[in-house]
Amino acid sequence: MDSEVLKSGFLEKYGPGPVQGFFAPGRVNLIGEHTDYNGGFVFPCALSFGNYCLIRRTDRPSVRFFSMNMKFEAEVSVEDLDKPVGKEWVNYPIGVFAQFLKKGIKFERGADLLFYGDVPAGAGLSSSAALEVVTAVAVNTVFGAGLPEIELVKMAQKAEHEFAGVMCGIMDQFASAMGRKDHAVYLNCDTLEYELVPLKLDGVKLVIGNTNSPHKLDSGKYNERVRECRAAVAALQPYKVISQLADISVEEFGRLSDHIQDSTVMRRARHVVSEIERTREAVALLKTGNIEAFGKLMNESHASLRDDYEVTGPELDAMVDAAQQTEGVLGSRMTGGGFGGCTVSLVKDWAVNDFIGRVGADYKAKTGLIPEFYIAETSDGGRRIF
């Protein structure tokens, strides 16, 4: 989005005066799905589209929130920045303000904020995390809180937990804040140790396919998977000292999985344990340039998410099936929380146009929905842009 257009929108809404602009990207996860809240590894990269926040401090004892995308707007007293406003989008930035309050940072006077997002809504590319992170970076800078980036990441995650009711892992916020252009983030979600891995995909493009079947994490299915994983841990603890599913290897799980009496819970755990191992393998393969083998692990990841974790659904499966059967595709899988949203595919350069045409037509024929495709461009994480 052009900075001048954003500035004009802000000045039209709030009047003349200085204004600062910030940006935080959405993300696509290459592999490592539903492992983050289980203490495992993930491998996302930050994207070139995300959320923008323009902000100006004021002398009023309130904060005004306005979006160029959403109809709802709000003005909230500085004394009420720890209270949700219905179920509106403003709860994401309000939830971030609430985390600053918990850190002992007081807002005696408020601010005017304008938001604009170009992450496709409901696509599962972390528009909510980008909104939280851009708010955290903007408030941290403009109010001089001076908190380190990693603290902002944790605060953005807590805002999602407490104000959106989604018990998400930390991957989305971490990638949005800490991602770097031309790199993917290999993150240990337990320790938050991470490595920026160069994204060298010679002759291959990352193509994101939007099913245009919006995912809805707040439907309760996401939180249900969190509970099922905790149940698996509880069932295994008498036989091995673990606190999360990342603490058990694939080999150990094979020996101990019979102790999980609930077959559904067992399958949920099997996905997580195997996905953590796939992520380790995939990163090692990327570092050696073995993109073909990386693609095969993506295919395995989708099958596990479909059969064991059951978070794909007919739309995602239809798009992935079409992709995996198209010449020049090295691998394809759902990405994000699931229940709709997006796929990510590794596609040979020469096959990209044919991929978009063939997969798009096949998907529409199977679902009646018209998909969208984006060739992924990577980006730096949350930052000031003017």
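Okay, so the sequence shown: first residue is -1 according to our numbering, each after it adds one. Each residue gets a CB set at the ideal place from its N, CA and C atoms; glycine is no exception.
In the structure shown, Asn288 falls within a coil segment according to DSSP collapsed to helix, strand and coil. Under the DSSP assignment, Asp315 falls in the alpha helix (DSSP H) whose first and last residues are Pro312 to Gln322. Residue environment for Val3: exposed (fewer than 16 other C-beta atoms within 10 angstroms of its C-beta). Apart from the 5 residues on each side of it in sequence, Phe384 sits with its Cβ closer than 6 Å to the Cβ of Ser1 and Gly19 in its chain, given in chain order. Here the alpha carbons of Pro118 and Val135 stand approximately 22 Å from one another. Note on Gly102: under 16 other CB atoms within 10 angstroms of its CB, so exposed under the neighbour-count rule. Ala44 has its alpha-carbon roughly 6 Å from the corresponding atom of Thr376. In this structure, Pro42 sits near Val183, with a CB-CB distance shorter than 8 Å.
In this structure, Thr341 is the residue among Ala244, Thr341 and Lys285 with its C-alpha nearest to the C-alpha of Ala301.
Remark: C-beta atoms of Gly379 and Ala244 do not approach each other more closely than 8 Å.
DSSP places Ala44 in no alpha helix (DSSP H) but in the uninterrupted beta strand (DSSP E) bounded by Pro42 to Arg55. If you check the CB distance, Pro196 and Asp180 come in under 8 Å. Leaving aside the five residues that flank His159 on each side, the residues in its chain whose CB is nearer than 8 Å to its CB run, in chain order, Met165 and Cys166. Listed in chain order, the non-local C-beta contacts of Pro91 below 7 Å within the same chain comprise Phe63, Leu111, Leu129 and Thr133, local neighbours out to five positions each way being set aside. Judged by their CB atoms, Gly108 and Thr56 are nearer to each other than the 8 Å cut-off. Within the same chain, Cβ atoms closer than 6 Å to the Cβ of Tyr361 are found at Ala316, Met317, Ala320 and Pro369, the five residues on either side in sequence being excluded.
In this structure, the alpha-carbon of Ile274 lies about 18 Å from that of Leu194. Remark: fewer than three beta-carbon pairs, one from each stretch, lie closer than 8 Å, so the region 80 to 90 and the region 326 to 336 are not flagged as touching.
Gly48 places its beta carbon less than 8 Å from that of Ser174. The continuous beta strand (DSSP E) containing Cys340 extends over residues Cys340 to Lys346.
Here Lys156 has Gln97 as same chain residues with Cβ atoms under 6 Å from its own Cβ, once five neighbours each way along the sequence are excluded.
Put simply, of Leu28, Pro14, Lys198 and Tyr35 the residue whose alpha carbon is nearest the alpha carbon of Val224 is Tyr35.
By the C-beta density criterion, Asn67 is exposed, having fewer than 16 other C-beta atoms within 10 angstroms. For Ala143, there is no enclosing beta strand (DSSP E), as DSSP marks it with neither H nor E. Under the three-state reduction of DSSP, Val327 is assigned to strand.
Of all alpha-carbon atoms in Ser75, Pro59, Phe105 and Tyr114, the one lying nearest the alpha-carbon of Lys69 is that of Tyr114. Bounds of any alpha helix (DSSP H) do not take in Gln242, whose DSSP letter is neither H nor E. Assigned with DSSP and collapsed to three states, Gln18 falls in strand.
The beta strand (DSSP E) runs of length 3 or more contained entirely in the region 126 to 201 are, from start to end of the chain, 181 to 186 and 192 to 196. By the beta-carbon neighbour count (other beta carbons within 10 angstroms, threshold 16), Leu190 is exposed. Assigned with DSSP and collapsed to three states, Leu79 falls in coil, not helix or strand.
Annotation for Val94: Glu130, Thr133, Ala134, Val137, Met153, Ala154 and Ala157 place their beta carbon closer than 7 Å to its own, counting only its chain and skipping 5 residues before and after. Going by C-alpha positions, Gln235 is about 37 Å away from Pro82. Rounded to whole angstroms, the gap between the alpha carbons of Ser330 and Gln259 is 32 Å. Relative to Leu150, the option among Phe371, Ala127, Ala162 and Phe161 whose CA is nearest is Ala127.
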